[in-house]
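Asks: Quick one: the structure is below, and I'll ask about it shortly.
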Amino acid sequence: AGQGIADGQGADMTSGETGGSMTAASRCEDKLVALVSALKECVEKELMMGEAILSHELVLKDQQDSLTRLVQELEGQRGDVQRLCSYLHEKQTLATDCMQEQLDEVQTLVYSRRAEDERMQGRER
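Okay, here's the thing in structure tokens:
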């Protein structure tokens, strides 16, 4: 065995084993680099998705706040509309009463005229 080392055979085997180990180590390193690169890419995508989600949540929060304000405004306007409806109902009732009075006056006038016309025709006979 000592002579194999002396004539270089053992050295070749050792360097061959080392070369094989270096190649395996190099492949392992390449795989690790690829894995770390893929992991980095995955983390970056997750961060982008997280930012997008956060952005959407902020937009939704703004929309929710806007809707809340709109509901409050509409609640305030509901009271105004109810008061306006009451006012208009009063005016409609007054207008109806006024129209009925005018109609009654016209009917009274028409009946008076008819009665007068009948009396005049009765005198002419």
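Using this note's numbering, the first residue of the sequence shown is number 18, and each one after it goes up by one. Backbone N, C-alpha and C define an ideal beta-carbon position, used for all residues, glycine too.
Rounded to whole angstroms, what's the CA-CA distance from residue 113 to residue 83? Just pull it up for me.
Replies: The count along the sequence shown starts at 1 and reaches residue 113 at position 96. The count along the sequence shown starts at 1 and reaches residue 83 at position 66. C-alpha separation (whole angstroms): 43 Å.
Asks: Tell me whether residue 55 is buried or exposed, calling it buried when 16 or more other Cβ atoms sit within 10 Å of its Cβ.
Replies: Position 38 of the sequence shown, counted from the start, is the residue given in the question as residue 55. Result: exposed.
Asks: To the nearest angstrom, how far is the alpha carbon of residue 41 from that of residue 60?
Replies: Counting from 1 along the sequence shown, the entry for residue 41 is found at position 24. Counting from 1 along the sequence shown, the entry for residue 60 is found at position 43. Cα-Cα distance, rounded: 28 Å.
Asks: Taking 8 Å as the limit between beta carbons, can you name the residues of its chain near residue 87, skipping five residues before and five after?
Replies: Taking the first residue of the sequence shown as 1, we reach residue 87 at position 70. Taken in chain order, the list of residues that qualify is empty.
Asks: In chain order, which alpha helix (DSSP H) runs of at least 4 residues are fully inside the segment 72-129?
Replies: Runs found: none.
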